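Below: one structure, written as structure tokens.
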Amino acid sequence: EVQLVESGGGLVQPGGSMRLSCVASEFTFSDHYMDWVRQAPGKGLEWVGRTRNKARGYSTEYAASVKGRFTISRDDSKNSLFLQMNSLKTEDTAVYYCARVPRDSRYVDYWGQGTLVTVSS
Amino acid sequence: DIQMTQSPSTLSASVGDRVTITCRASQSISNWLAWYHQKPGSAPKVLIYQASSLESGVPSRFSGSGSGTEFTLTISSLHPDDFASYYCQQYHTYPVTFGQGTKLEIK
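Chains R and Y, in that order, give the protein sequences. When you number the first sequence by our numbering, it's gap-free, plus one each residue, and the end is 257. When you number the second sequence by our numbering, it's gap-free, plus one each residue, and the end is 1030.
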């Protein structure tokens, strides 16, 4: 069974930084594009960004709301996905989900359980 | 960005009812649309991809249709487990965008 386990969430002050990690198992991580998706408390889903695989040069895409502040990276040797978040704002408070994109499409077929990031003074 | 608009925002129904949720895109997305459902405190799960393809393991009471700018998700006979929030997602153009969600409540 595909597993995605996020970690690194917690409380951070506005303007601060935080790095989230996601460890994947039970599939060939290096083959897949990977997403981060977030959900503010009581709100809907918001796509944060995507990293493509090695064949596509590990290129990335971002939502306008995080572009220039957030960076997605991956380490295929460790089956790991990362989200570096800088210049955090209160509106970045959300549960952050790591998500897998299937090889033959571009939707999300598996989600992690999420990690809560709270930006507050 | 492509805007995705779901209707209704809230839907009250009973076990056994047939329900339909609509998702409209602000421009054509062909059939690059997925549907997800989410229960409180849990991660979303995919139901439908490519507008009408049922994800493996998803019950056949769920179905999707549409192309271009208008799409529907239909549940043919509601089970107790189906009371949750539902989201559409377009993956035709970056940035990927979600609808605002539809909460399906027990009447």
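C-beta: ideal position from N, C-alpha, C; glycine also. In this text the structure is predicted, and so the values were computed from the model without any measurement.
Kindly give me the distance between the Cβ atoms of residue i and residue j, rounded to whole angstroms, as I take these residues to be in contact under 8 Å.
i: Y:Tyr1014; j: R:Arg242; result: 4 Å
i: R:Tyr198; j: R:Glu142; result: Actually they do not touch by this definition, with Cβ atoms about 18 Å apart.
i: R:Val237; j: R:Asp167; result: Not really, about 10 Å apart at Cβ, beyond 8 Å.
i: Y:Ser949; j: Y:Ile925; result: 5 Å
i: Y:Phe1006; j: Y:Glu978; result: With 8 Å as the limit, Y:Phe1006 and Y:Glu978 do not qualify as a contact, their Cβ atoms being about 19 Å apart.
Contact criterion: CB-CB distance below 8 Å. Does residue i meet it with respect to chain Y?
i: R:Trp183; result: yes
i: R:Glu197; result: yes
i: R:Gln249; result: yes
i: R:Val244; result: yes
i: R:Ala160; result: no
i: R:Gly180; result: yes
i: R:Ser143; result: no
i: R:Ala191; result: no
i: R:Ser241; result: yes
Using a beta-carbon distance below 8 Å, is residue i in contact with chain R?
i: Y:Gly989; result: no
i: Y:Thr995; result: no
i: Y:Gln950; result: no
i: Y:Phe920; result: Lying outside 924 to 1030, the shown extent of chain Y, residue 920 of chain Y is not represented and no answer is given.
i: Y:Gln926; result: no
i: Y:Ala974; result: no
i: Y:Glu978; result: yes
i: Y:Ala966; result: yes
i: Y:Val981; result: no
i: Y:Val1019; result: yes
i: Y:Ala957; result: yes
i: Y:Gly1024; result: yes
Less than 7 Å separating the Cβ of residue i from some heavy atom of the ligand MG?
i: R:Arg239; result: The ligand MG is not among the ligands present in this structure, which contains no ligands whatsoever.
In the DSSP output, which residue or residues are listed as bridge partners for residue i?
i: R:Gln220; result: R:Arg155, R:Thr207
i: R:Glu227; result: According to DSSP, which records beta bridges pairwise, R:Glu227 is partnered with nothing at all.
i: Y:Tyr972; result: Y:Ser976
i: R:Gly185; result: R:Trp172, R:Tyr198
i: Y:Thr992; result: Beta-bridge pairing links Y:Thr992 to no other residue.
i: R:Ala235; result: R:Asp171, R:Trp247
i: R:Gln139; result: R:Ser161
i: Y:His1002; result: Answer is none; Y:His1002 lacks a bridge partner.
Interfacial residues, the region 1001-1016 of chain Y to chain R, with Cβ spacing under 9 Å: Look at the region 1001-1016 of chain Y: the residues with a C-beta under 9 Å from a C-beta of chain R are Ser1008, Tyr1010, Gln1012, Tyr1014, His1015.
Is it the case that the region 972-992 of chain Y contacts the region 207-227 of chain R, given that we only count it when at least three CB pairs across the two stretches are under 8 Å? No, the region 207-227 of chain R does not touch the region 972-992 of chain Y.
Does the region 1001-1019 of chain Y come into contact with the region 927-945 of chain Y, if we say contact requires no fewer than three beta-carbon pairs (one atom in each stretch) closer than 8 Å? Cβ pair count under 8 Å is three or more, so yes.
Chain-ordered residues of the region 205-237 of chain R with a beta carbon less than 7 Å from chain Y: Residues Tyr233.
Identify each residue in the region 153-177 of chain R for which the Cβ-Cβ distance to at least one residue of chain Y is less than 9 Å, and report them in chain order. The residues in question are Asp171, Val173, Gln175.
Decide yes or no for the touch test of the region 989-1003 of chain Y against the region 195-213 of chain R: beta carbon pairs closer than 8 Å, at least 3 of them. No: fewer than three Cβ pairs fall under 8 Å.
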